[in-house]
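Novice: Mapping the sequence shown onto numbering that gives the first Met the number 0, position 265 (from 1) lands on 264, and the numbers just tick up by one.
Each residue gets a CB set at the ideal place from its N, CA and C atoms; glycine is no exception.
I am attaching a structure below and will ask some questions about it afterwards.
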Amino acid sequence: MDRREACGVFGIYSFRKDEVALPIFNGLIAIQHRGQDSAGIATFDGKTIHVKKGMGLTSDVFSENDLLALKGTIGIGSVRYPTCGSSSLRDAQPFKVELPREGITLAHNGNLVNFTALKDELNRGGTPIISSCDSEIILKVLAEELNKTEDIFLAILKVMKRLEGAYCEVVLTGRGELIAFRDPQGFRPLCFGKNDDCIVFASESVALDINDVELTEQVKPGEVILVTEKGMERRLVAKSNKKHCMFEYVYFSRPDSILDAGSVYDVRMKLGKNLAKSQPASVDVVVPVPDTSRPAAEGFSRETGIEMEEGLIKNRYIMRTFIMPDQTIRDAEMKKKLNPLKTILKGKRVVIIDDSIVRGTTTNKLVKLLKDAGAKEVHVRITCPPIISPCFYGIDISSHSELIAFRCNGNVEEIRKILGADSLGYQTIGGLVDAIGIGKENLCMACLDENYPTPGAAKIAKEMKKRSGEEIKEKKRYWEM
Ligand code: SF4
0 MDRREACGVF GIYSFRKDEV ALPIFNGLIA IQHRGQDSAG IATFDGKTIH
50 VKKGMGLTSD VFSENDLLAL KGTIGIGSVR YPTCGSSSLR DAQPFKVELP
100 REGITLAHNG NLVNFTALKD ELNRGGTPII SSCDSEIILK VLAEELNKTE
150 DIFLAILKVM KRLEGAYCEV VLTGRGELIA FRDPQGFRPL CFGKNDDCIV
200 FASESVALDI NDVELTEQVK PGEVILVTEK GMERRLVAKS NKKHCMFEYV
250 YFSRPDSILD AGSVYDVRMK LGKNLAKSQP ASVDVVVPVP DTSRPAAEGF
300 SRETGIEMEE GLIKNRYIMR TFIMPDQTIR DAEMKKKLNP LKTILKGKRV
350 VIIDDSIVRG TTTNKLVKLL KDAGAKEVHV RITCPPIISP CFYGIDISSH
400 SELIAFRCNG NVEEIRKILG ADSLGYQTIG GLVDAIGIGK ENLCMACLDE
450 NYPTPGAAKI AKEMKKRSGE EIKEKKRYWE M
């Protein structure tokens, strides 16, 4: 895989004909954690679709004058991050085509597994693809299908048959239509809130909260929702086969969001409790790795009766390390991000609660940071089971060889030694499923158990695993020297 992305999307239709640029801007601020590389807004004023997009945070991309210029009462927005390769304005969303339906603009969250095959197919058919972004592919496939029929639901059914992977889309047309659709597995979240004034779609419910719109429900996997001046029409066009991404609960979504399984905060609290039951630790203090792991650390603390203390203070102006596009940038950012609180840590046996270990480099640095600050022992407890396989559905886990759990063949003791921790304990798959509470059959856990819900991803994973295994054998020989 040469490129991958996960983003946040937002869409709004004002029945009261209020201007929507500011609510979109606010919504994007609320889901900024889903992508910090670029941001974009498209609005429709009854005649024209206006688009403005740029590199950086939402607040950097849009000035007050930009928002005033984005006229219209219907609109969509996007925050994006690339998880591989370079980031560029060429790949920023929303994407737009001039025809059919007097113009279509689309914002996308997810990742297509059959990106390359579709790109070749479109190029062969005379539709050039200029970016390296899934959104452009989806938009052009949608445009092809809408060229064949006026029936939006039928066109999107045809689109769904051609796409493999994770996709949540919000679409704006030059006929004043707002459309939202979600892939049949529902890998990534997409919800909506509707009242007499407006309907709002968003990747996470926090983008509704900020606009004082109550959450109505989640868009169903395989569902299309069309909003026009006549109102809202919903149709399940594809048979749903729910496989919600477990990582949205463990790490990616905001704790104050409500996803398909309910409150992310509640799930994380239970993850901490379940972890404490299966992987207890004889320590003096429980320390969360800010911010994602705070509810889980609270759960761990409640379950064990060991006090939780803020032993690591986060510089709130540094963004997440995980979603920085390049490893060298990630390393530098990590050092600036966390400062240990020596008065809490000195001479103590500490357990840190973190959400996941991908490469192991961050955890290794954290353990050292705490020991350097005077901690007597540092125990590591992880709310996610070991990640052993890549993700092809929009989370930045791109190869086997970068995964410490794969490199160590799942050997926890070997991983512990690399991390330099006094002990290491992972969540069990049972503990994870129990905490999310919607049944194993409704979850994607492919990066943990290699059961990819779609055939193309299973095939790619198998080929990559073989290649990585060979790479690792070579590296092991090198390390042993
Ligand atoms: S492979 Fe892992 S990260 Fe990717 S969608 Fe499935 S559970 Fe989520």
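#1: Under three-state DSSP, which class holds Q31?
#2: Give the C-beta separation of V140 and L177 to the nearest angstrom, bearing in mind that I take them to be a contact with Cβ-Cβ under 8 Å.
#3: Do D433 and N273 have their C-beta atoms within less than 8 Å of each other?
#4: I'd like to confirm something about I396: is its beta-carbon nearer than 7 Å to some heavy atom of ligand 1, or not?
#5: Just list the residues that DSSP pairs V411 with in beta bridges.
#6: Which of the three DSSP states is assigned to P294 in this structure?
#7: Rounded to the nearest angstrom, what separates L365 and N441 at their Cα positions?
#8: Spatial neighbours of T215 within its chain, please: C-beta separation below 7 Å, excluding the five flanking residues on both sides.
#9: May I have a chain-ordered list of the alpha helix (DSSP H) segments no shorter than 4 residues that lie completely inside the segment 16-79?
#10: By DSSP's criteria, H243 is part of a beta bridge. Which residues make up the other side?
#11: For A237, decide whether its Cβ has a neighbour in chain D, counting only Cβ atoms nearer than 8 Å.
#12: Taking only heavy atoms of ligand 1 into account, decide whether any of them is closer than 7 Å to the Cβ of M54.
#13: Grab the span of the beta strand (DSSP E) containing D353 for me, first residue to last.
#14: Look at I142 and P93 and say whether their C-beta atoms are less than 8 Å apart.
#15: So if DSSP puts V96 in a beta bridge, which residue, or which two residues, is it bridged to?
#16: Between which two residues does the beta strand (DSSP E) containing A201 stretch?
#17: Could you spell out the range, first to last residue, of the alpha helix (DSSP H) harbouring G10?
#18: Hey, would you say the C-beta of M268 is under 7 Å away from at least one heavy atom of ligand 1?
#19: Rounded to the nearest angstrom, what separates I209 and R466 at their Cα positions?
#20: Beta carbon of F24: closer than 7 Å to some heavy atom of ligand 1?
#21: Does the beta-carbon distance from R181 to C167 come in below 8 Å?
#22: Identify whether R89 lies in helix, strand or coil by the three-state DSSP scheme.
#23: Which same chain residues end up closer than 7 Å to T362 when comparing Cβ atoms and leaving out the 5 residues on each side of it in sequence?
#24: Give the DSSP-derived three-state secondary structure of T172 in the structure shown.
#25: Tell me whether A445, by its Cβ, gets closer than 7 Å to a heavy atom of ligand 1.
#26: At a cut-off of 7 Å, is C244 close to ligand 1 when judged by its beta-carbon and the heavy atoms of the ligand?
#27: Just to confirm, are L504 and I312 a CB contact at a threshold of 8 Å?
#28: Look at the alpha carbon of S131 and the alpha carbon of E413, and state the distance between them as a whole number of angstroms.
#29: Take the Cβ of D36 as the centre, count every other Cβ of all protein chains shown within 10 Å, and call the residue buried at 16 or more, exposed below.
#30: Going by C-alpha distance, which of N64, A68, H32, S388 is nearest D44?
#31: Roughly how many whole angstroms lie between the Cα atoms of K276 and A372?
#32: In this structure, does DSSP put N122 in helix, strand or coil?
Specialist: Quick answer:
#1: helix
#2: Their Cβ separation, rounded to whole angstroms, is 19 Å, which puts V140 and L177 out of contact at 8 Å.
#3: yes
#4: yes
#5: None, per the DSSP bridge assignment.
#6: helix
#7: 34 Å
#8: F191, G192, K193
#9: 20-29, 57-60, 63-68
#10: L442
#11: Absent here is chain D; the protein component of the structure consists of one chain.
#12: no
#13: 348-353
#14: Per the sequence shown, residue 142 should be read as Ala rather than Ile. Cβ distance not < 8 Å, so A142 and P93 don't count as in contact.
#15: I103
#16: 197-201
#17: Where G10 is concerned, there is no enclosing alpha helix (DSSP H), although the beta strand (DSSP E) it sits in stretches over 4-13.
#18: no
#19: 46 Å
#20: no
#21: yes
#22: helix
#23: D353, I356, V379, L418
#24: strand
#25: yes
#26: yes
#27: Look at the range of the chain in this structure, 0 to 480, and you will see that residue 504 is not part of it.
#28: 38 Å
#29: buried
#30: A68
#31: 28 Å
#32: helix
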